[in-house]
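In the numbering used here, the protein residues as written are 5 to 321. We put the CB at the ideal spot given by N, CA and C, even for glycine.
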């Protein structure tokens with residue numbers, strides 16, 4: 005199968021995406037597929053082997069059977085590229101337009117979770133000049149970025165203005181969330197109509213007091229303990245909620261759902277529709293520990309993409 009792997013992108017997660025793309029191409033080749041290396045530079049230009057890629061509505065993508073976007077953050081994980089792939093009429097791995105957009109906008113995601121009674125930390129979404137109604141300690145984060153970019157922690161009122169200013173550099177909409185001292189637990193989800201959840205994993209920080217960009221991507225910044233060191237009923241509640249949240253936003257293919265676990269209470273933090281995808285990234289490691297190795301995981305995602313594309317084409321528009 006010819007698979008167009010889209011990597012790079014315009015967001016601050018460009019380099020992380022390139023690493024994900026390299027791993028995906030290697031895994032696809034190992035599985036007997038023909039990966040096509042499509043790079044998207046920081047200005048948004050699409051190239052293959054240094055040559056521009058022509059995009060034509062309903063024209064597919066370089067003769068590929070399926071596209072595999074590993075574009076993290078804005079202009080890749082937020083529904084924009086998914087909409088373009090829909091116009092090209094090519095099957096693609098991962099969530100569709102709406103689910104991608106909802107998951108990327110943390111404020112919208114949290115409002116949807118609240119509407120369905122899903123437990124979360126207390127939060128408020130504000131624009132510049134808006135009032136912060138939560139007392140410190142709090143986390144302050146741009147509403148529509150990933151990989152902990154632009155996030156600040158305010159231990160006191162004196163820290164708040166600086167944290168807000170840093171977040172507003174990235175997004176006109178900012179979330180302020182109550183600090184949780186619970187365990188950070190993550191769970192991977194795979195599927196379409198009947199998704200499955202991996203064993204949950206616990207994030208253990210080594211050189212940081214919170215899960216910032218360096219802790220996520222610098223060597224030795226964190227350890228992943230699988231299964232998470234919580235009671236079995238709590239682990240099962242994490243898995244149940246991961247699947248429920250996946251379905252609530254009509255996700256497809258893959259997602260990593262992040263939680264805080266405070267004692268026996270499980271709080272949903274966020275859902276990532278295109279998580280880091282190297283063989284050592286949390287998403288893949290959790291499924292590997294659950295009995296689905298990396299190459300098999302890629303194979304399942306390709307099959308789901310083709311299934312969803314065929315399903316969608318049964319309907320008249």
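#1: Counting only the same chain and skipping the five closest in sequence on each side, list residues whose C-beta sits under 8 Å from that of residue 113.
#2: Evaluate the contact criterion for the stretch 302-312 versus the stretch 50-65: three or more CB pairs, one atom per stretch, below 8 Å.
#3: Could you check whether residue 6 and residue 38 sit closer than 7 Å to each other, using their CB atoms as the reference points?
#4: State the DSSP-derived secondary structure class of residue 232, mapped to helix, strand or coil.
#5: Once DSSP output is grouped into helix, strand and coil, what is the label at residue 319?
#6: Beta-carbon separation of residue 327 and residue 76 under 7 Å?
#7: In terms of alpha-carbon separation, which member of 319, 267, 255 lies closest to residue 309?
#8: Does the stretch 266-273 touch the stretch 230-241, meaning 3 or more C-beta pairs lie closer than 8 Å?
#9: Does the Cβ-Cβ distance between residue 231 and residue 260 come in under 7 Å?
#10: Short check: CB of residue 191 to CB of residue 242, under 7 Å?
#11: Mind reading off the beta-carbon distance from residue 64 to residue 93? Whole number of angstroms is fine, and I expect it under 8 Å.
#12: Measure the beta-carbon distance from residue 157 to residue 139 and round it to whole angstroms, keeping in mind my assumption that it falls under 8 Å.
#13: Going by alpha carbons, who is nearest to residue 124 out of 91, 9, 182?
#14: Between residue 193 and residue 206, is the Cβ-Cβ spacing less than 7 Å?
#15: Looking at C-alpha atoms only, which residue of 209, 43, 311, 11 is the closest neighbour of residue 198?
#16: My parser needs the beta strand (DSSP E) runs of 3 or more residues fully inside the stretch 58-133; what are they?
#17: Where in the stretch 245-289 do unbroken runs of the beta strand (DSSP E), each at least 3 residues long, occur, reported from the N-terminal end onward?
Reading from the atomic positions:
#1: Same-chain partners within the cutoff: 106, 107, 253, 274, 275.
#2: no
#3: The answer is yes: Cβ separation under 7 Å.
#4: coil
#5: coil
#6: Lying before the first or after the last residue shown, residue 327 is absent from the chain, which here runs from 5 to 321.
#7: Checking every option, the nearest Cα to that of residue 309 belongs to 255.
#8: yes
#9: no
#10: yes
#11: 7 Å
#12: That pair is no contact at about 14 Å.
#13: Here the closest residue by C-alpha is 182.
#14: no
#15: 311
#16: Listed in chain order, they are 70-73, 127-131.
#17: As far as the stretch 245-289 is concerned, its whole beta strand (DSSP E) runs of at least 3 residues are 257-266, 269-276.
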